[in-house]
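Some notes on the structure that comes next.
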Amino acid sequence: MFISVVIPTYNRKPILEKCLLALENQNFTDYEVILVDDGSTDGTLSWLGANQDIFPHVRSLAQQHQGPAAARNLGVKSAKGDTIVFIDSDLVVTENFLQAHADALLAGAKRLNSDRLFTYGWVINTCNFADPTSESYKITDFSAAYFATGNVAIAKKWLEEAGLFDTQFQLYGWEDLELGVRLKKLNLKLIKCPEAVGYHWHPPFSLEQIPSLIKKEIERGKMGVIFYEKHPTFAVKMMIQMTVLHRILWAILTLGGFLNERTMSPFLKWLIDNNKSQLALEIARIFLNWYNVNAVYEAWENRVVSSK
324 MFISVVIPTY
334 NRKPILEKCL
344 LALENQNFTD
354 YEVILVDDGS
364 TDGTLSWLGA
374 NQDIFPHVRS
384 LAQQHQGPAA
394 ARNLGVKSAK
404 GDTIVFIDSD
414 LVVTENFLQA
424 HADALLAGAK
434 RLNSDRLFTY
444 GWVINTCNFA
454 DPTSESYKIT
464 DFSAAYFATG
474 NVAIAKKWLE
484 EAGLFDTQFQ
494 LYGWEDLELG
504 VRLKKLNLKL
514 IKCPEAVGYH
524 WHPPFSLEQI
534 PSLIKKEIER
544 GKMGVIFYEK
554 HPTFAVKMMI
564 QMTVLHRILW
574 AILTLGGFLN
584 ERTMSPFLKW
594 LIDNNKSQLA
604 LEIARIFLNW
614 YNVNAVYEAW
624 ENRVVSSK
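At position 271 of the sequence shown the residue is numbered 594 (my numbering), and the sequence of numbers has no breaks.
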């Protein structure tokens with residue numbers, strides 16, 4: 324087994340360094356790391372070129388800013404490995420990360436008597452930049468996703484048979500879960516691999532992040548409609564929150580939009596000032612989800628109108 328680790332990146336140089344250093348410190352030997360720069364403006368490629376001797380496993384590719392779907396496709400097409408591991412460029416892994424995925428793939432194939440499978444590792448969220456791998460697993464780190472590219476290993480041939488990622492997904496969200504729908508149709512089985520641990524770093528929540536988080540939720544709503552158009556099922560409707568139930572739920576929780584980034588700011592600031600930034604973020608998700616649901620319905624209505 325030869326593994327190609329495919330990593331799209333966009334303006335994440337500080338945490339990217341920790342990501343790549345961790346991948347150089349693996350107890351697995353047969354692998355390469357393909358870093359696809361998606362039009363970064365923070366000097367990522369020049370920094371990597373100046374430090375190439377520190378990262379002997381890394382090959383870098385570049386494209387104009389087109390989003391992670393196109394970046395991952397470029398990485399897969401250039402991969403030398405028969406097995407692809409996807410992680411994000413803000414993920415820091417442990418030294419047995421690749422070996423754990425390899426062992427789980429082989430054990431799963433033997434148990435199932437089939438190679439129609441892929442492995443998914445643990446993703447632990449952390450705000451600790453200095454020592455990201457010190458964070459413990461939390462209930463909020465649980466994911467029920469069938470196929471998510473934060474920490475997954477899969478044979479290259481299944482990606483090619485499914486048709487790779489759909490590059491219509493140029494904004495934030497859903498490109499990996501949409502590919503997962505197509506992989507499920509190929510009868511691939513998800514094998515959980517908790518031994519393959521990745522620590523997903525993000526800065527502590529602050530009020531300054533709210534505009535960009537709102538933008539992400541709006542983009543996620545727009546991409547959700549593309550997801551539903553490709554797979555018009557009730558399951559996808561539930562995933563993208565395009566149901567009357569979701570609209571009513573978030574309208575109630577936000578008091579019809581009254582609880583928003585403006586009215587909630589004083590309380591969120593108080594929580595942040597009292598070292599409860601994670602709790603502040605979880606509370607902010609209430610109005611962030613309201614933005615997402617509204618964006619879904621607006622995008623859907625615009626599609627309906629344009630199709631007439």
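In this text, a Cβ means the ideal position worked out from N, Cα and C, and glycines have one as well.
- Secondary structure at Pro517: strand, using DSSP grouped into helix, strand and coil.
- Secondary structure of Leu358 (DSSP, three-state): strand.
- Note that the C-beta distance between Val504 and Met565 is not below 9 Å.
- Phe325 places its beta carbon less than 9 Å from that of Gly404.
- Excluding its 5 nearest sequence neighbours in each direction, Gly496 has C-beta neighbours in its own chain below 6 Å: Arg543, Met546, listed in chain order.
- In the three-state DSSP reduction, Leu494 falls in the coil class, being neither helix nor strand.
- Put simply, the backbone Cα of Tyr460 is about 46 Å away from that of Ser629.
- Taking Ala471 as the centre and dropping the five residues before and after it, the same chain places the C-beta of Asp499 closer than 6 Å to its C-beta, in chain order.
- Distances from the CA of Ala453 to each of Lys480, Val359, His525 were compared; the closest alpha carbon is that of His525.
- In the displayed model, Tyr551 falls within a helix according to three-state DSSP.
- In the three-state DSSP reduction, Tyr469 falls in the coil class, being neither helix nor strand.
- In this structure, Ser401 and Leu384 form a Cβ contact; the two beta carbons are roughly 6 Å apart against a cut-off of 8 Å.
- Within the model, the alpha-carbon separation for Glu347 versus Pro379 is close to 8 Å.
- Note that the C-beta distance between Ala476 and Gly521 is not below 9 Å.
- Look at Lys433 here: in three-state DSSP terms it is helix.
- With 16 or more neighbouring CB atoms inside 10 Å of its own CB, Gly398 falls in the buried class.
- Here Leu576 is actually not in contact with Ile537; their C-beta atoms are around 16 Å apart, not less than 8 Å.
- Restricting attention to Pro517, Glu501, Val548, the CA atom closest to the CA of Gln422 is found in Pro517.
- The C-beta distance from Thr449 to Pro455 rounds to 5 Å, short enough to meet the 8 Å contact threshold.
- Apart from the 5 residues on each side of it in sequence, Trp481 sits with its Cβ closer than 8 Å to the Cβ of Arg439, Phe441, Leu506, Leu509, Leu511 in its chain, given in chain order.
- Note: Trp445 is bridge-paired with Val520 in the DSSP secondary-structure output.
- Taking Ala393 as reference, the option from Ala425, Phe557, Tyr333, Thr364 with the minimal CA-CA separation is Tyr333.
- Counting along the chain, Pro455 sits inside no alpha helix (DSSP H), nor does DSSP assign it H or E at all.
- Contact between Ile410 and Gly473 holds: CB atoms are separated by about 7 Å, below the 8 Å threshold.
- In this structure, the alpha-carbon of Leu339 lies about 8 Å from that of Leu414.
- Looking from the CA of Glu483, the closest CA among Ala519, Asn396, Glu605 belongs to Asn396.
- Close CB contacts of Ala618 within its chain, under the 7 Å cut and outside five residues either way in sequence, are with Glu540, Ile541, Gly544, Lys545 (chain order).
- Residue pairing by DSSP places Lys461 in no beta bridge whatsoever.
- Just measuring C-alpha positions, the residue of Met562, Gly372, Asp360, Ser600 sitting nearest Gln532 is Ser600.
- If you draw a straight line from the Cα of Asp376 to the Cα of Gly486, it is about 35 Å long.
- DSSP lists Leu358 as the bridge partner or partners of Ser383.
- Taking the Cα positions, Gln386 is about 28 Å away from Ala622.
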